[in-house]
Amino acid sequence: MSSLKLYHFPVSGPSRGALLAARAIGIPIQIEIVNLFKKEQLQESFLKLNPQHCVPTLDDNNFVLWESRAIACYLADKYGKDDQWYPKDLQKRAVVNQRLYFDSASLYVKIRAICFPILFLGETEIKQSLKDDLNSTLSFLNQFLEKTKWVAADHPTIADTSIYASMSSILAVGWDISSFPNIQRWIKDCLLLPGAQENEDGARSFGDAVKKNIKQ
Ligand SMILES: N[C@@H](CCC(=O)N[C@@H](CS)C(=O)NCC(=O)O)C(=O)O
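Structure (structure tokens):
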């Protein structure tokens with residue numbers, strides 16, 4: 001009997017991304033909340049597990065892994081009933097990887113650049129240059145969704161769960177995506193994924209925390 005545990009904080013987009021992947025794959029997982037607002041990630045017991053002190057962190061029978069997208073790949077490879085969520089075909093998998101890296105290195109980075117200073121550094125407004133930067137990245141996402149129904153294929157993959165977790169955070173802040181019709185359509189589909197409501201609840205908490213610090 002496997003014991004799978006996810007150290008998780010629902011406000012965190014990456015953490016919700018890993019959980020969405022687990023929900024999509026349909027693997028039962030025990031959730032252990034690490035409250036980042038209370039700095040619980042710096043407790044000694046957690047540091048022993050993950051010296052980088054970040055969520056999400058997975059513990060699969062003492063095999064410990066962090067980085068949300070690495071967790072999603074591992075869960076899909078190890079527990080996926082089929083290869084829908086993370087295709088085995090080399091080229092299909094390469095496109096999923098490309099989208100995952102796009103999220104990790106570009107989309108999520110742009111979202112973080114906007115939200116982190118507002119949440120933690122006393123910033124009270126979003127600079128136009130950061131807005132333009134995120135919108136240019138969103139135009140690429142919109143283009144990916146021109147060709148396929150989901151971000152990497154005509155069926156959902158772990159690239160969707162990861163990117164949807166990032167997007168739901170910025171949408172909860174009130175981001176305007178009216179000029180990105182493909183993203184609007186795809187988000188509606190994402191809301192039907194397993195675990196989507198749970199994700200929306202966490203994203204709402206994130207959005208509220210950011211919005212409360214923005215000068216109106
Ligand atoms: N690239 C990482 C990002 C993880 C990350 O930065 N997590 C943040 C919350 S969004 C965290 O745990 N911060 C607490 C800390 O670093 O002490 C991933 O995708 O898992």
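Under UniProt numbering, the residues of the sequence shown are numbered 1 to 216, in order.
Note that the Cβ used here is the ideal one computed from N, Cα and C, for glycine as well.
Remember, it's a predicted structure, so these values are computed and weren't measured experimentally.
Near ligand 1: residue i beta-carbon under 7 angstroms from a heavy atom
i           : result
CYS115      : no
ARG204      : no
residue 217 : Coverage of the chain is limited to positions 1 through 216, which leaves residue 217 absent and any answer about it impossible.
PRO14       : yes
PRO10       : no
CYS54       : yes
SER104      : yes
GLN197      : no
GLN41       : yes
LEU36       : yes
TRP66       : yes
Extent of the continuous alpha helix (DSSP H) run through residue i
i           : result
ASP201      : 196-211
TRP186      : 181-190
GLU146      : 128-147
PHE102      : 90-102
VAL151      : Here VAL151 belongs to no alpha helix (DSSP H), and DSSP marks it neither H nor E.
ALA113      : 108-120
PRO14       : 13-25
residue 219 : For the chain, the structure presents residues 1 to 216; residue 219 sits outside this window and is missing.
Unbroken beta strand (DSSP E) run spanning residue i, endpoints
i     : result
GLU32 : 30-33
TYR7  : 4-8
Of all the beta strand (DSSP E) runs that stay within the bounds of the segment 50-78, which reach a length of 3 or more residues? 57-60, 63-66
Any contact between the segment 150-161 and the segment 186-195? By contact I mean 3 or more CB pairs, one from each, below 8 angstroms. yes
Just checking, does the segment 78-94 make contact with the segment 136-146 on the three C-beta pairs under 8 angstroms criterion? no
Three or more C-beta pairs below 8 angstroms linking the segment 3-13 and the segment 46-65: yes
contact_flag[the segment 131-143, the segment 173-193] where n(CB pairs < 8 angstroms) is 3 or more: Counting Cβ pairs under 8 angstroms, three or more are found: they touch.
Does the segment 109-123 come close enough to the segment 198-213 that 3 or more CB-CB pairs lie under 8 angstroms? yes
Okay, do the segment 97-117 and the segment 166-175 touch, 3+ Cβ pairs below 8 angstroms being the bar? Three or more beta-carbon pairs separated by less than 8 angstroms link the segment 97-117 to the segment 166-175, which places the two stretches in contact.
Assess, as a yes-or-no matter, whether the segment 19-27 is touched by the segment 120-130 under the definition of 3 or more beta carbon pairs within less than 8 angstroms. no
Whether or not the segment 39-55 and the segment 9-17 are in contact is what I'm after, with contact meaning three or more pairs of Cβ atoms, one per stretch, closer than 8 angstroms; do they touch? With the cut-off at 8 angstroms, the segment 9-17 and the segment 39-55 touch.
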